[in-house]
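Residue numbers for the sequence shown follow this note's numbering, so the first one is 901 and each next one is one higher. In what follows, a structure is listed as structure tokens, so that the remarks can point back to it.
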Amino acid sequence: MTRQYKTLGEFIIENQDSFKYSSGELSRLLNGIRLAAKVVNHEVNKAGLVDIIGEAGDTNIQGENQQKLDVLANEKFIQTLKKREIVCGIASEEEDDFISINSFDNNHQNKYVVLIDPLDGSSNIDVNVSVGTIFSIYRRITPVGTPVSLEDFLQPGINQIAAGYIVYGTSTMLVYTTGDGVNGFTLNPALGTFYLSHPNMKFPETGKIYSVNEGNYVHFPQGVKDYIKYCQKEEDDRPYTSRYIGSLVSDFHRNMIKGGIYMYPKSSVASEGKLRLLYECNPMAFIAEQANGIASDGKGRIMEINPTELHQRVPFFCGSRKMVEKAEEFIRKYN
Ligand code: AHG
Ligand code: MN
Ligand code: MN
Ligand code: MN
């Protein structure tokens, strides 16, 4: 028997009174993201059948080879949000610069900017493994009626109004927060409707999973190496289980449900790690904190970092509170 679930559309309307600012506009924006998620889901699902897997032939500003699906997901999200005239600006991992959106009938009256990682886990596309999308929403700080500027995007994570991700996995889920807990919605593909399947998601306080690209071990700082050895030691409830998909969204999603830590440390070959503060770390940090977890750069809270550039990278340790605190303890020994 099927249970009666609330739809995402119903949930957005029911909860819009709890939003800190102009509720109607944020609801329209969340609905725009819901639509874009369905469009990208459709593209991802048929990836093996049409000519959209493989490299696009270009590199993005961060020197990564763009996959065709990176480019397509980027286009779909931007188009959907642009057409609905619900944001004043968009920044994306796949765009060199931010995009200022002005519809001539409203003269820069929209208040929100969106930052996106349109397709997370690009390296998994060709092999039919889960990928995702990450989004982060801020209220602009420059006055309405003027074009957006860089400072609207370079806000610390604590200013986020909403953040979420979509995981295109065995089922497609949209998980998001507006600062009042984290809720997860599963797509019924036959109906094209997201249903509230995971209300009030929480990281277990501790867990038994550690997720890190151990191929980079020799390049990691000593504190991180020591923490990994600690995870592998036979003592108390250890050794932990190692699980690493290589899609931040999927690794995070699993760890939130089962309990675990995700790490992308800095290394001798990547001085700030790999993950992007604005498109990846801040939104995931907001979700983690809203779900009783924490997110750190190894020394302090991710969401308190003042960004200096759009595509800034940062070391990232995120997940069950006790596990991240333990990792920080090891890292601190060498500072
Ligand atoms: P993206 O596909 O958006 O560029 O992000 C890839 C990120 C993240 O999803 C993943 O956790 C990490 O890169 C994997 O990197 P490694 O292959 O270096 O482990
Ligand atoms: Mn990329
Ligand atoms: Mn990514
Ligand atoms: Mn990406």
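C-beta: ideal position from N, C-alpha, C; glycine also. As the structure is a prediction and not an experimental result, all values here were calculated from the model.
Item	Value
If we require 4 or more residues per run, which alpha helix (DSSP H) segments fall completely within the region 980-1068?	1050-1053
What do you get for K1233, buried or exposed, if any count of 16 or more other CB atoms within 10 angstroms of its CB means buried?	exposed
Would the C-beta of G1146 count as close to ligand 1, meaning under 7 Å from any of its heavy atoms?	yes
If you count every other CB in all the chains shown that lies within 10 Å of the CB of L1178, and 16 or more means buried, which is it?	buried
Going straight from the alpha carbon of N1059 to that of V1029, what length do you get?	33 Å
Rounding to the nearest angstrom, what Cα-Cα distance links L1074 and F911 in this structure?	13 Å
From the DSSP output, which residues share a beta bridge with T1208?	Its beta-bridge partners do not exist; DSSP assigns none.
Which partner residues does Y1076 have in the DSSP bridge list?	G1064, N1083
Go through its chain and collect everything with a Cβ distance to I1231's Cβ below 6 Å, but skip five positions before and after it.	G1123, G1198
Can you name the start and end residues of the beta strand (DSSP E) that Y1130 belongs to?	Segment 1122-1132 is the alpha helix (DSSP H) holding Y1130; no beta strand (DSSP E) there.
Since A1195 and M1184 are thought to touch, with beta carbons under 8 Å apart, how far apart are those beta carbons, to the nearest angstrom?	6 Å
Could you tell me whether the region 1021-1028 touches the region 1169-1177, where touching means 3 or more Cβ pairs closer than 8 Å?	no
As a quick exercise: from N1010, G963, K983, I986, pick the residue whose alpha carbon is nearest that of E994.	G963
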